[in-house]
Each structure stands twice: as C-alpha cells, then as structure tokens.
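*Asks:* Using this note's numbering, the first residue of the sequence shown is number 132, and each one after it goes up by one.
Ideal placement from N, C-alpha and C gives every residue a C-beta, glycine not left out.
Structure in structure tokens, see below.
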Amino acid sequence: MKVFLTGGTGFVGREVLWRLHEEGHSIRMLARSAKDEQVRQMAYRHSAELIPGDLLDRGALVEGMQGCGAVIHLVGIINESGKSSFQRIHVEGTEHVLGAAQEAGVGRFVHMSALGTREGARSRYHQTKWQGEVAVRSSGLRWTIFRPSVIYGRGDGFVNLLAQLCKWSPVIPLFGGGNNRLQPVSVEDVARCFVSALSAEAVENQVIDLCGFEVFTLREIYRVILRTTRRWRPMVAIPMPLARIQAAAMESLFGLAGRPSPLTRDQLLMLEEDNCGDAMTAAKLFGIKPATFEEGIARYLR
Numbered sequence: 132m133k134v135f136l137t138g139g140t141g142f143v144g145r146e147v148l149w150r151l152h153e154e155g156h157s158i159r160m161l162a163r164s165a166k167d168e169q170v171r172q173m174a175y176r177h178s179a180e181l182i183p184g185d186l187l188d189r190g191a192l193v194e195g196m197q198g199c200g201a202v203i204h205l206v207g208i209i210n211e212s213g214k215s216s217f218q219r220i221h222v223e224g225t226e227h228v229l230g231a232a233q234e235a236g237v238g239r240f241v242h243m244s245a246l247g248t249r250e251g252a253r254s255r256y257h258q259t260k261w262q263g264e265v266a267v268r269s270s271g272l273r274w275t276i277f278r279p280s281v282i283y284g285r286g287d288g289f290v291n292l293l294a295q296l297c298k299w300s301p302v303i304p305l306f307g308g309g310n311n312r313l314q315p316v317s318v319e320d321v322a323r324c325f326v327s328a329l330s331a332e333a334v335e336n337q338v339i340d341l342c343g344f345e346v347f348t349l350r351e352i353y354r355v356i357l358r359t360t361r362r363w364r365p366m367v368a369i370p371m372p373l374a375r376i377q378a379a380a381m382e383s384l385f386g387l388a389g390r391p392s393p394l395t396r397d398q399l400l401m402l403e404e405d406n407c408g409d410a411m412t413a414a415k416l417f418g419i420k421p422a423t424f425e426e427g428i429a430r431y432l433r
C-alpha cells in the first residue's frame, strides 16, 4: 500500500517509518525540513519519498496524497512554543490533513491521539486532542484513532528526561506527590499497531487505547529508572500550588527566549490525573506481547 506519513521524523514516526518499510509499504513522508541531510538520509534508508511542506500547506498535502491508499497522521506537540500552539497543530493541522485526504480520495486514516483525551478535559493539550478526534470521526473516511499512554523507547522524551534528572539532580521532585498512575507502552508496540491497522477492517471507525500491561505511579517509575541505572536519589513531594508557581515562572523565562518550557501548568494538570486505559483490546487485535517496562528501558538506559 502507498502510505502518506506525517510526523515521520519524530520519535514515534521514525519507528513507524521503519516498520512501514519492513512490511513493504510505499511511503510518502511530509517533512518541513526536507532539505536537511539527516532527513534525506532517513528517507533514503527507508525508500521514502519526501514531500516538502507542513500541516497547513494544503497544496503539498493534496499533491503528496495523490495515489495513496492511507494516511498515518502522527504530528503532535506536548508543549507550545511560538506559532506551534495546541490549536494550530492538533486542531487546524488535523483538519487540513483530513481535508487533503478527502480531496485526494484517500480512504483510510489512522490518527494519533492521546490517552486521557475526552470532552471536557482539564488540560488544553487534551482539549485540542479531543477537537482533533471529533474532526477525524466526522470526516467520512475509514478512520482508526489510537490513544497511547506514555510512550517509551530509545530517544523518547519521557524516560530519558527522567533518567537525566536521576543522573544530575541530587533530589527527585515529585509534583503533587508522584501518586498519579501511568501505563507506559513501548514505541515498538505503538508502531506495530499503527501499521497493522492499515489492513485490519476490525479496527475501522474504532478508538483504541495503547497501554502497557503494568500500572505504575510516577514515584514507582522513578524507582525503576534508578534501579536500572544503579543509582539512588531521595524523592521530595512538591505541593501542586508551589509547582504551578514554578511552572508559570519557567513558562515566562523560556518564553522570552522563544523556547518551550520543560515544565508547564498544562502538564501539571495532566499529572493530577491517572493515565491508564484498556491494554487488552490492542493486545488481542494485534497480538502484542510486550516486555516488562523494566526490561524495555534496560535496553537503552544502561
């Protein structure tokens, strides 16, 4: 199948790109930095055709989707910076990709959302993810929406960030006490589901959670990382009111420099909620037999 891929240069996208190539799909990949040598080499290794442009470039999208049987839409952001707002990326960007798919006659649309996405969500991240989902559901295409929990793997922005904190900080801060629960899922399993969904009629017009089988509190995840990297650090609970003041200050400071803040008030809203879901549906549909979280991170943290 010829597949149009957005977000192919990102953490999840690189794994999806590899799996598409391994399974013999023809790939067209949208890339803002199509002239970048690393991007060009990545495309070459996976026999992918680069389509220069971004999510709001309707002409590039329609042209790139000509003759494609499916779109895999992965682009998303976890914090905002400059023109890259949640509204622009999660809502307007998704609407543009959907419109281009309709115009190009693409029938299949596989969409990356996030666990916790729902109507009336507290965080703007989840609110805009929900708006993107609504657009997908009403598109008239044969869609599948995946909602992953926290995704880990080599090069991720979660476990690696926590591991760096464990390495360099004398104390581990636990915002709100670190008792919120998560179900981390490996990037390999996520990519397998996205690519397998292309030919799975049973998942058409379905919303599917992507979660690991194990449930951890954030405090427990830190303990696993410390054990894996053979370190010890004391953990200190940071009350949420104090954490919000810190996040607001960091947003202002990093905003002046035109850079995304590593901690935002929107992220703290998400940390006040559990991020757990249904792991069994995807496991049954796609035959997933994941390694344990500790086994998975040991492959790249040690």
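Alpha carbon to alpha carbon, how far is Pro372 from Pro304?
*Replies:* Taking the first residue of the sequence shown as 1, we reach residue 372 at position 241. Taking the first residue of the sequence shown as 1, we reach residue 304 at position 173. Going by the C-alpha atoms only, they are around 14 angstroms apart.
*Asks:* For Gly195, count the other beta carbons within 10 Å of its own beta carbon; 16 or more makes it buried, fewer makes it exposed. Which is it?
*Replies:* Residue 195 sits at position 64 when you count from the first residue of the sequence shown. Classification of Gly195: buried, given that the 10 Å Cβ count is 16 or more.
*Asks:* Of all the options Val338, Gly207, Ile339 and Arg285, which has the alpha carbon lying nearest to the alpha carbon of Tyr431?
*Replies:* Here the question's residue 431 lines up with position 300 in the sequence shown. Of Val338, Gly207, Ile339 and Arg285, the residue nearest in Cα terms is Arg285.
*Asks:* With DSSP as the reference, label Ala410 as helix, strand or coil.
*Replies:* Sequence index remark: in the sequence shown, residue 410 carries index 279 (1-based). Coil at Ala410, not helix or strand.
*Asks:* Quick one: using the 10 Å Cβ neighbour count with 16 as the cut-off for buried, is Asp495 buried or exposed?
*Replies:* Any answer about residue 495 is impossible in this case: the structure gives the chain only from 132 up to 433.
*Asks:* Per DSSP, Ser157 is paired with what?
*Replies:* Numbered from 1 along the sequence shown, position 26 holds the residue referred to as residue 157. Ser157 is bridged to Lys133.
*Asks:* Please name the residue in Gly198, Val193 and Gly224 whose C-alpha comes closest to that of Ile208.
*Replies:* Counting from one through the sequence shown, the residue named residue 208 turns up at place 77. Taking only the C-alpha atoms, the option nearest Ile208 is Gly224.
*Asks:* So who's on the other strand from Pro279, going by DSSP bridges?
*Replies:* Locating residue 279 in the sequence shown gives position 148, counting from the first residue. Leu341.
*Asks:* For Trp274, which three-state DSSP category applies?
*Replies:* Against the sequence shown, residue 274 aligns to sequence position 143. DSSP places Trp274 in strand when its eight states are reduced to three.
*Asks:* Can we say the stretch 151–158 touches the stretch 343–361, given the rule of at least three CB pairs closer than 8 angstroms?
*Replies:* Verdict: no, contact absent.
*Asks:* What distance in whole Å lies between the Cβ atoms of Gly418 and Gly213, which are believed to be in contact at a cut-off of 8 angstroms?
*Replies:* The residue given as residue 213 occupies position 82 in the sequence shown. The residue given as residue 418 occupies position 287 in the sequence shown. The Cβ separation is near 42 angstroms, so there is no contact.
*Asks:* What number of angstroms, rounded off, separates the C-alpha of Asp188 from the C-alpha of Trp363?
*Replies:* Counting from 1 along the sequence shown, the entry for residue 188 is found at position 57. Counting from 1 along the sequence shown, the entry for residue 363 is found at position 232. Asp188 and Trp363: Cα-Cα distance of roughly 49 angstroms.
*Asks:* Can you tell which of Glu234, Ala266 and Cys342 has its C-alpha closest to the C-alpha of Thr423?
*Replies:* Within the sequence shown, residue 423 is the residue found at index 292, counting from 1. It is Cys342 whose Cα lies nearest to the Cα of Thr423.
*Asks:* For a quick check, are the C-beta atoms of Gly259 and Arg278 less than 8 angstroms apart?
*Replies:* Here the question's residue 259 lines up with position 128 in the sequence shown. Here the question's residue 278 lines up with position 147 in the sequence shown. One detail in the question is off: residue 259 reads as Thr in this sequence, not Gly. The answer is no: Cβ separation not under 8 angstroms.
*Asks:* In terms of residue numbering, what span does the beta strand (DSSP E) encompassing His204 cover?
*Replies:* By one-based count along the sequence shown, residue 204 stands at place 73. From DSSP, the beta strand (DSSP E) with His204 extends over Ala201 to His204.
*Asks:* Are the stretch 324–339 and the stretch 404–417 in contact at 8 angstroms, needing three or more beta carbon pairs?
*Replies:* Yes, since at least three Cβ pairs between the stretch 324–339 and the stretch 404–417 fall closer than 8 angstroms, the two stretches touch.
*Asks:* Just checking my contact of Leu246 with Gly408 at CB under 8 angstroms: how many whole Å lie between their CB atoms?
*Replies:* Locating residue 246 in the sequence shown gives position 115, counting from the first residue. Locating residue 408 in the sequence shown gives position 277, counting from the first residue. That belief holds up - the Cβ atoms of Leu246 and Gly408 are roughly 5 angstroms apart, short of 8 angstroms.
*Asks:* Helix, strand or coil for Leu305? Go by DSSP, reduced to three states.
*Replies:* Taking the first residue of the sequence shown as position 1, residue 305 is located at position 174. Residue state, collapsed to three classes: strand.
*Asks:* Cβ of Cys199 within 8 angstroms of Cβ of Val237?
*Replies:* Taking the first residue of the sequence shown as 1, we reach residue 199 at position 68. Taking the first residue of the sequence shown as 1, we reach residue 237 at position 106. Their beta carbons are under 8 angstroms apart, which means Cys199 touches Val237 by this criterion.
*Asks:* List in chain order: all unbroken beta strand (DSSP E) runs of 3+ residues lying wholly within the stretch 204–252.
*Replies:* You should have 239–243.
*Asks:* Select from Arg219, Ile282 and Val241 the residue whose C-alpha is nearest the C-alpha of Gln262.
*Replies:* Taking the first residue of the sequence shown as position 1, residue 262 is located at position 131. Per the Cα distances, Arg219.
*Asks:* In the DSSP assignment, find the beta strand (DSSP E) that holds Glu332 and state where it starts and stops.
*Replies:* On the sequence shown, position 201 is the one that residue 332 refers to. Element bounds for Glu332: n/a, residue is neither H nor E.
*Asks:* CA-CA distance, Val202 and Arg361?
*Replies:* On the sequence shown, position 71 is the one that residue 202 refers to. On the sequence shown, position 230 is the one that residue 361 refers to. Near 42 angstroms, if we compare the C-alpha coordinates of Arg361 and Val202.
*Asks:* Please go through the stretch 361–399 and give each complete alpha helix (DSSP H) segment of 4 or more residues, from N-terminal end onward.
*Replies:* The stretch 361–399 contains these whole alpha helix (DSSP H) runs: 371–387.
*Asks:* From which residue to which residue does the alpha helix (DSSP H) around Ile419 run?
*Replies:* Stepping through the sequence shown from its first residue, residue 419 is reached at position 288. Here Ile419 belongs to no alpha helix (DSSP H), and DSSP marks it neither H nor E.
*Asks:* Could you give the DSSP three-state label for Arg285: helix, strand or coil?
*Replies:* Mapped onto the sequence shown, residue 285 falls at position 154. Coil at Arg285, not helix or strand.
*Asks:* Rounded to whole angstroms, what's the CA-CA distance from Leu349 to Asp405? Just pull it up for me.
*Replies:* The residue labelled residue 349 in the question sits at position 218 within the sequence shown. The residue labelled residue 405 in the question sits at position 274 within the sequence shown. Computed Cα separation, rounded: 10 angstroms.
*Asks:* From Val316 to Val290, what does the alpha carbon distance come to, in whole angstroms?
*Replies:* One-based indexing of the sequence shown puts residue 316 at position 185. One-based indexing of the sequence shown puts residue 290 at position 159. Their Cα atoms are separated by approximately 11 angstroms.
*Asks:* Below 8 angstroms on the Cβ atoms is my guess for Ser269 versus Gln314; work out the distance and round it to an integer in Å.
*Replies:* Within the sequence shown, residue 269 is the residue found at index 138, counting from 1. Within the sequence shown, residue 314 is the residue found at index 183, counting from 1. That belief does not hold up - the Cβ atoms of Ser269 and Gln314 are roughly 29 angstroms apart, past 8 angstroms.
*Asks:* Between Pro301, Leu387, Leu402 and Ala378, which lies nearest to Arg396 when the distance is taken from Cα to Cα?
*Replies:* The residue given as residue 396 occupies position 265 in the sequence shown. Closest option to Arg396, Cα to Cα, is Ala378.
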